[in-house]
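Heads up: the sequence shown is residues 109 to 298, going by the numbering used here.
Virtual Cβ for every residue (Gly too), placed ideally from N, Cα, C.
Notes follow once the structure below has been shown.
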Amino acid sequence: MALEHALLVSLTERAGSGYELARRFDKSIGYFWSATHQQIYRVLKRMEKSGWVHSTAVTQTGKPDKKVYSVSPAGRTELARWIAAPSDPETPRNELAVKIRAAAYGDITALRAEVARHRDQHAHRLELYSHIQHHDFPVPEQLTGTTLHQYLVLRAGIRAESGFIEWCDEVLQALHPHAPHPRVSASHAD
Numbered sequence: 109m110a111l112e113h114a115l116l117v118s119l120t121e122r123a124g125s126g127y128e129l130a131r132r133f134d135k136s137i138g139y140f141w142s143a144t145h146q147q148i149y150r151v152l153k154r155m156e157k158s159g160w161v162h163s164t165a166v167t168q169t170g171k172p173d174k175k176v177y178s179v180s181p182a183g184r185t186e187l188a189r190w191i192a193a194p195s196d197p198e199t200p201r202n203e204l205a206v207k208i209r210a211a212a213y214g215d216i217t218a219l220r221a222e223v224a225r226h227r228d229q230h231a232h233r234l235e236l237y238s239h240i241q242h243h244d245f246p247v248p249e250q251l252t253g254t255t256l257h258q259y260l261v262l263r264a265g266i267r268a269e270s271g272f273i274e275w276c277d278e279v280l281q282a283l284h285p286h287a288p289h290p291r292v293s294a295s296h297a298d
């Protein structure tokens, strides 16, 4: 996915300035696609030049004017094309998995600490996702349209974080100096 498509999704949901988009990325889309504020501004400029978005200057009292971006018809066409295009099903690179694969060549205690650190970060993110779910989507069976789509992506995040935490727990147990060799059932072996 290109940053352009993530921005088109966000702007289709609600027009906004570069600053507002950067804040939205920090609070929602950023959990799935990260971008710096500078990248967002640079890409918005390119998208405007390509005709995918257009901007309106908004005068602000006591502040510099801001540009508010919205999706153009050409941008909606591109978004529809991208949604219909096949996605790459390959798992993204995972540096931690490579480190675990190489565990025999390094310091197991340090590796366990690194796995625990990752586990804690994912547990924190799971807690945040769960809070968002209960706060923003208290009655999921009544959701429709954009709200349903946002909920479904959040559920994917919750399931991914839960699975990653379980995997970290399994790794930590297996790498414990006195742990028996883990048995992985055929249904879980990939």
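Between the CA atoms of residue j and residue i - distance to the nearest angstrom
i           : j           : result
residue 246 : residue 276 : 29 Å
residue 250 : residue 259 : 11 Å
residue 212 : residue 285 : 13 Å
residue 225 : residue 262 : 23 Å
beta-carbon residue i near the ligand FMN non-hydrogen atom, thresh 6 Å
i           : result
residue 112 : Judged by which ligands are present, the structure shown has none, so any question about the ligand FMN falls away.
First and last residue of the uninterrupted beta strand (DSSP E) at residue i
i           : result
residue 224 : Here residue 224 belongs to no beta strand (DSSP E); instead the alpha helix (DSSP H) covers 216-244.
residue 177 : 174-179
Pick from the options that is closest to residue i, judged by C-alpha positions
i           : options            : result
residue 281 : 185, 180, 220, 228 : 220
residue 202 : 214, 193, 155, 223 : 223
residue 110 : 121, 143, 132      : 143
residue 227 : 271, 212, 145      : 271
residue 175 : 161, 229, 137, 278 : 161
residue 157 : 182, 168, 120, 165 : 182
residue 119 : 148, 164, 177, 207 : 177
residue 254 : 179, 117, 170      : 117
CB-CB length for residue i against residue j, believed under 8 Å
i           : j           : result
residue 152 : residue 187 : That pair is no contact at about 15 Å.
residue 129 : residue 216 : About 43 Å separates the two Cβ atoms, so there is no contact after all.
residue 269 : residue 230 : 5 Å
residue 113 : residue 190 : 5 Å
Enclosing alpha helix (DSSP H) for residue i [first to last residue]
i           : result
residue 127 : 126-135
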